[in-house]
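J.:
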Amino acid sequence: NGEFAQHQQFGLEAKQWKVRALTSEEVSDLLSGPPELRAKQSADWNHLTARVSAIGDPRLRELSAAFLGEFGERFRRTAGARSYHHARRGGLVEHTAQMMRVAEQVAPLYPQLNLDLLIAGILFHDAGKLWENHLPETGFTMGFDERGELMGHISIGLELVNSLWRKVQASDVAKTWSGLSPASEDVRLHLLHLIGAHHGEPQFGSPVSPKTPEAMALNYIDNMDARLEMFAAGYLVAKPIAERIYDRVRPLPGNLVKPLDKFAARPEQA
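Rendered as structure tokens:
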């Protein structure tokens, strides 16, 4: 605390200020973000875990639960990206939960979609970012991880799923899966395809293009949520350059234009 004044040339000035170390509770609150963001991320996490528990295919459900059990805390402090979308502590949880909500709405419209596979693919599609974009337990700086640098999040995600799959397959619960259809190996391969193809095209970083309905749906859901988040964040920071027009926010393709307000009926029209 201290005395603060606004200098005409140099901005904010602090006089007779004092500093003290934050308490552990204050550090925790600061790391958790403002109350509204904290509440949103908590709701997103609850939705994500509930949706994983509702997966019907026991193999995908056990695999997903194993991932959350082993890496859940790291997941909750991972950003969706370094700069472009959901670039904040816990941003990956927000992105993943919203993608699951979209998938739940889309799947009934396209009965050919395997929703269990799509939900698992959404959970794991950016799992490699737990090494690319994670933040430390007690800090705000997103560091760099050697594994993330050398492999990238898609390759890490593929390796992670294979590693967890082997662990789950060696567990007692897997003994009941021998007669299940589709075959377990097919389930594993299709999940790996969703992770590998989620960027859509090789020029965007995917080793393979989407070749199944679920992979195509995942690619579009991922891209839509990321870009709408970029718009929402962009309107907050973009510089106005004309009436209702804002300067470009990369990687969006051009200048932003103020969106059309939603129709609000007058009381006599309601």
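Mapped onto our numbering, the consecutive letters of the sequence shown carry residue numbers 355 to 624.
Each residue gets a CB set at the ideal place from its N, CA and C atoms; glycine is no exception.
Computed from a predicted model, the values in this text were never measured in an experiment.
1) Terminal residues of the continuous alpha helix (DSSP H) containing Q557?
2) Looking at the ligand NAD, does it come within less than 7 angstroms of T432, judged from the CB to the closest heavy atom?
3) Go to E539, then tell me how far its beta strand (DSSP E) extends in each direction, as first and last residue.
4) Can you tell me the Cα-Cα spacing of A580 and R598, whole angstroms?
5) From the DSSP output, read off the bridge partner residues of L366.
6) Using 8 angstroms as the threshold, is the stretch 543-562 in touch with the stretch 464-479, meaning 3 or more CB pairs across them?
7) Can you tell me whether Q370 is buried or exposed, with buried defined as 16 or more other CB within 10 angstroms of its CB?
8) From the DSSP secondary-structure annotation, give me the bridge partner or partners of H643.
9) Just to confirm, is the Cβ distance from V515 to A420 under 8 angstroms?
10) Go to A619, then tell me how far its beta strand (DSSP E) extends in each direction, as first and last residue.
11) Got a sec? Which residues, its chain only, sit under 8 angstroms from R428 by beta carbon, not counting five neighbours each side?
12) For A443, which residues in the same chain have their Cβ closer than 6 angstroms to its Cβ, ignoring the five residues on either side in sequence?
13) Can you name, in chain order, every residue of its own chain whose Cβ lies under 8 angstroms from the Cβ of M578, other than the five neighbours on each side?
14) DSSP on A596, reduced to helix/strand/coil?
15) Alpha carbon to alpha carbon, what distance is there between F358 and L366?
16) Provide the residue(s) that pair with V515 in DSSP beta bridges, ordered along the chain.
17) Where are the alpha helix (DSSP H) runs, 4 residues long or more, that stay fully inside the stretch 451-505, in chain order?
18) Which whole-angstrom value describes the C-beta separation of H479 and D411, a residue pair presumed to lie in contact below a C-beta threshold of 8 angstroms?
19) By alpha-carbon positions, which one of G356, N573, Y438 and S407 ends up nearest to G588?
20) When the Cα of G423 is compared with those of H440, R436 and S407, which residue comes out closest?
21) Please list, in chain order, all residues of the same chain as G343 whose beta carbon is under 7 angstroms from its beta carbon, the five residues on each side excluded.
22) Between the stretch 390-408 and the stretch 445-455, do at least 3 Cβ pairs fall closer than 8 angstroms?
23) Give every residue of the same chain whose Cβ lies closer than 7 angstroms to the Cβ of H552, excluding the five residues on either side of it in the sequence, and list them in chain order.
T.: The structure says:
1) If you look at Q557, you'll find it isn't in any alpha helix (DSSP H); DSSP assigns it neither H nor E.
2) Looking at this structure, you won't find the ligand NAD or any other ligand, since it has none at all.
3) Looking at the DSSP string, E539 is not in any beta strand (DSSP E); the run it does join, the alpha helix (DSSP H), is S538 to G550.
4) If you draw a straight line from the Cα of A580 to the Cα of R598, it comes to about 23 angstroms.
5) DSSP, once it has assigned bridges, lists Q360 as partnering L366.
6) Yes: at least three Cβ pairs fall under 8 angstroms.
7) That one is exposed.
8) Residue 643 lies beyond the stretch modelled for the chain, which goes from 355 to 624, so this question has no answer here.
9) No. Outside cutoff.
10) Careful: A619 lies outside any beta strand (DSSP E) and carries neither H nor E.
11) The residues are L484 and H488.
12) It should be noted that the sequence gives Arg, not Ala, for residue 443. R431 and L489.
13) Apart from sequence neighbours up to five positions away, the residues of its chain that approach M578 with a beta-carbon distance below 8 angstroms are V456, ordered along the chain.
14) Judged by DSSP in its simplified three-state form, A596 adopts strand.
15) Straight through space, the alpha carbons of F358 and L366 are spaced by roughly 7 angstroms.
16) Partner residues in a beta bridge of V515, as assigned by DSSP, do not exist.
17) Entirely contained in the stretch 451-505, the alpha helix (DSSP H) runs reaching 4 residues are, in chain order, 469-479 and 483-486.
18) Contact doesn't hold; Cβ gap of about 17 angstroms is too wide.
19) Nearest Cα to G588 within the set G356, N573, Y438 and S407: Y438.
20) The shortest C-alpha separation from G423 is found at S407.
21) In this structure the chain extends from 355 to 624, so residue 343 is not present and cannot be described.
22) Taking a cut-off of 8 angstroms on C-beta distances, the stretch 390-408 touches the stretch 445-455, as three or more cross pairs fall below it.
23) Correct list, in chain order: H479, S560, L572, N573 and D576.
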